[in-house]
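Protein chains in written order, with my numbering: chain A, 199 to 572; chain B, 156 to 594.
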């Protein structure tokens with residue numbers, strides 16, 4: 199019962215904060231850093247650690263939330279993937295990313311030398327090479343990501359593939375294909391129950407909720423990734439129903455911000471910060487910003503400031519659930535916690551920089567308006 | 156093609172049923188062919204119950220049965236008695252949702268209970284309450300004793316006084332009704348008539364009376380079975396003080412709800428969720444009567460403010476999902492297999508309760524000079540039994556070693572049948588009463 203009350207308290211807080219006028223107008227600042235840091239205050243290293251039983255009691259909500267976010271991302275990606283322009287804009291993105299991946303690997307080796315996790319990475323042999331490379335790919339892809347785009351998903355799928363080579367991880371080919379099949383089944387089930395209604399009704403939303411819970415339970419029962427089930431569910435849904443009605447449904451859209459904030463809070467609970475994590479995370483965030491800025495100067499000169507602020511500078515909403523889900527479901531221990539912590543630091547630094555950019559832009563706007571009046 | 160079986164309805168039901176079959180098939184196939192067993196967990200159980208509830212609820216509506224009959228069947232089919240997708244462990248883990256459901260049901264019952272209605276139907280409520288309490292209490296105790304001699308259900312050699320004490324306990328469980336079933340059926344049918352008002356009033360009042368009677372009869376039964384325990388009224392005094400405190404707490408929470416809905420009026424669903432779970436937690440801690448607290452809270456909102464509309468709207472928005480889970484979980488927890496051993500005695504008790512309920516409503520309608528709708532169909536809402544009755548049966552099992560488990564089994568078995576047939580009878584009665592009142 200305490201866990202439920204904590205969850206409701208969190209929901210109330212997130213809803214109150216999400217009503218702030220600044221946040222509603224903010225494009226680049228995602229606000230997710232705040233619950234992330236609050237979550238850290240309740241982590242094992244924090245000021246008021248949560249009891250393990252409380253954390254365990256809240257896990258069901260997190261699993262459903264992870265699947266829900268992946269589902270929304272899946273539908274959105276399918277919507278974007280239809281546009282050839284989206285694919286075209288990926289060319290500079292991919293080039294920048296390859297450079298960023300190289301920087302990530304170098305950064306992990308140099309600045310993470312004091313961390314046990316990274317030290318063990320130097321003892322490369324056989325399949326471990328691919329496993330570590332795969333982790334570097336996921337971390338760099340998550341940090342480098344912008345609004346949901348197909349590129350991130352391709353990277354995730356590709357890098358997960360490497361895991362099946364390591365028997366100790368118990369993540370094999372069927373572990374990769376089964377969640378995708380489950381996601382497809384859930385989409386088909388939704389289609390069978392809800393039909394192809396032009397608008398989502400209460401019954402359809404109820405069915406969707408039931409399927410999200412079922413999908414999270416199925417993934418948990420298989421020891422698999424909720425985000426993979428959710429993504430496949432989302433892509434499957436996009437193929438079977440009207441995507442635009444789905445994405446513009448006011449009830450579904452209204453759930454997104456609170457769910458994101460809750461997931462960030464849970465991610466904060468899992469963090470473990472060390473000097474190595476802080477160094478690597480901060481440097482990767484700065485490197486990301488510089489590469490993105492260079493790409494904007496070279497390739498996307500015509501981009502509108504709103505697009506830059508809302509689409510390019512913030513890290514994808516899907517990146518945090520992805521890294522968190524990998525940590526919770528693959529049980530890689532310190533390695534995945536390290537990955538999550540580095541990502542979280544990069545995320546917070548990126549958010550702070552974006553907040554500064556946002557303020558600076560508004561100040562500039564106000565000054566321009568004042569100057570025009572004068 | 157008959158008018159009640161349109162093409163779209165059939166298609167929707169067929170789609171929903173095939174969806175459930177698809178999920179169940181995929182779960183089983185992955186175990187058989189892929190050797191990839193899916194560990195049962197409460198999320199999986201909850202998701203499946205929700206899905207099966209939606210499908211069978213639609214089927215029930217298509218067949219002109221109450222939706223909650225469909226939800227119950229969904230639970231029975233998914234539970235350990237049939238497909239075994241949901242285990243008893245998962246059912247107990249889902250009790251969290253039951254707390255919310257009971258809170259919503261109680262609040263809705265209280266909100267429907269206006270002072271005007273109370274004044275208007277005072278006579279019928281008064282007579283119905285005391286006649287049902289006396290007739291069902293005495294009659295069911297007698298039926299239990301008589302049935303023991305006829306069917307020999309395995310209670311062992313008991314003296315007459317012990318048998319009477321046990322029978323009285325069973326009878327008290329038999330008096331309790333199901334506010335959940337009544338509220339759910341009234342919400343679904345959206346019919347507002349004398350029978351509906353009468354039903355809400357009685358189920359709420361009787362639930363409070365049952366608590367007092369149960370405390371008394373349990374104290375007597377324990378003293379009868381255990382010579383070291385003396386029959387004392389201390390527990391009754393404690394119960395009264397708890398009930399008084401529950402009324403006070405309910406009033407306070409009602410006032411808080413009025414304040415929030417009047418002055419804050421944002422995110423009412425979240426507010427109701429928070430207050431339901433929060434108050435339930437406080438009630439558990441302080442041993443207050445949760446159901447009474449929420450009934451009083453709803454009553455205060457409805458009778459001392461203009462926020463009833465907002466409150467009921469919010470409860471209805473939440474109820475859509477909560478009711479499916481509540482009734483499907485209840486269905487899954489029913490131990491249908493037990494019926495096969497003692498079916499004759501159980502059937503006898505179910506029939507006895509049905510006849511006694513009918514008789515008490517006929518008498519009370521004559522005494523109160525109620526209209527023809529109550530005289531003919533007044534008994535129909537009181538067949539269903541649910542949460543409180545099961546809770547009392549569990550207490551009997553815990554408090555009376557030996558015979559307790561058999562009495563609990565008998566009680567749960569009768570509740571199972573009453574819970575399945577009760578909503579059907581009430582739906583029929585409600586429609587008939589509506590037609591009669593319109594005439």
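Using N, Cα and C, we set each Cβ at its ideal position, and we do this for glycine too.
- Just so you know, the alpha carbons of residue 593(B) and residue 334(B) end up roughly 26 angstroms apart.
- Nearest CB-CB separation between residue 274(A) and chain B: not below the 9 angstroms threshold.
- For residue 343(B), the nearest beta carbon of chain A is not closer than 9 angstroms to its own beta carbon.
- A residue is called buried when at least 16 other Cβ atoms come within 10 angstroms of its Cβ; residue 554(A) does not meet this threshold and is exposed.
- A Cβ-Cβ contact shorter than 9 angstroms links residue 277(A) with residue 442(A).
- With distances taken between CA atoms, residue 489(B) lies nearest to 236(B) out of 408(B), 304(B), 350(B), 236(B).
- A direct Cα-to-Cα measurement between residue 432(B) and residue 341(A) gives close to 38 angstroms.
- Residue 458(B): member of the alpha helix (DSSP H) spanning 445-459, first to last residue.
- Residue 261(A) reaches chain B at 198, counting residues in chain order whose Cβ is nearer than 9 angstroms.
- Taking 9 angstroms as the threshold, the shortest C-beta distance from residue 438(A) to chain B does not fall below it.
- Contact check for residue 418(A) and residue 249(B): beta-carbon distance about 15 angstroms, past the 8 angstroms limit, so the pair fails to qualify.
- Contact of residue 258(A) with chain B by beta-carbon distance below 8 angstroms involves 197, 198.
- Cα atoms of residue 263(B) and residue 519(A): separation of roughly 38 angstroms, rounded to the nearest angstrom.
- Cα atoms of residue 547(B) and residue 476(B): separation of roughly 26 angstroms, rounded to the nearest angstrom.
- Contacts with chain B (Cβ-Cβ distance below 8 angstroms) from the segment 399-414 of chain A involve 400, 401, 404, 405, 407, 408, 409, 410, 411, 412, 413, 414, listed in chain order.
- Not one beta carbon of chain B lies nearer than 9 angstroms to the beta carbon of residue 341(A).
- Following the DSSP letters along the chain, one finds residue 534(B) in no alpha helix (DSSP H), marked with neither H nor E.
- Restricting attention to 564(B), 460(B), 434(B), the CA atom closest to the CA of residue 448(B) is found in 434(B).
- Going by DSSP, residue 432(B) is part of the alpha helix (DSSP H) stretching over 423-441.
- For residue 515(A), there is no enclosing alpha helix (DSSP H), as DSSP marks it with neither H nor E.
- CA-CA distance, residue 255(B) to residue 470(B), rounds to 11 angstroms.
- Taking 9 angstroms as the cut-off, the Cβ atoms of residue 536(B) and residue 332(B) count as close.
- Between the alpha carbons of residue 524(A) and residue 321(B) lies a distance of about 57 angstroms.
- Put simply, of 264(A), 411(A), 302(A) the residue whose alpha carbon is nearest the alpha carbon of residue 541(A) is 302(A).
- The alpha-carbon of residue 223(B) is positioned some 11 angstroms away from that of residue 484(B).
- The beta carbons of residue 511(B) and residue 259(B) sit about 30 angstroms from each other, so the pair does not count as a contact at 8 angstroms.
- For residue 465(B), the nearest beta carbon of chain A is not closer than 9 angstroms to its own beta carbon.
- Contact of residue 194(B) with chain A by beta-carbon distance below 7 angstroms involves 419.
- Cβ atoms of residue 242(B) and residue 195(B) come within 8 angstroms of each other, at about 6 angstroms.
- Sequence-distant partners of residue 371(B) (beyond 5 residues in either direction) whose C-beta falls short of 7 angstroms from its own C-beta, in its chain, are 391.
- Residue 428(A) does not reach chain B, its nearest Cβ partner there being about 13 angstroms away, counting only Cβ pairs nearer than 9 angstroms.
- Spanning the alpha carbons of residue 169(B) and residue 507(B) requires a straight line of approximately 39 angstroms.
- With respect to the 9 angstroms criterion, residue 365(B) and residue 330(B) are classified as neighbours on the basis of their beta carbons.
- Check the Cα spacing between residue 174(B) and each of 468(A), 392(A), 537(A): the tightest is with 392(A).
- Per DSSP, the unbroken alpha helix (DSSP H) holding residue 248(B) starts and ends at 243-248.
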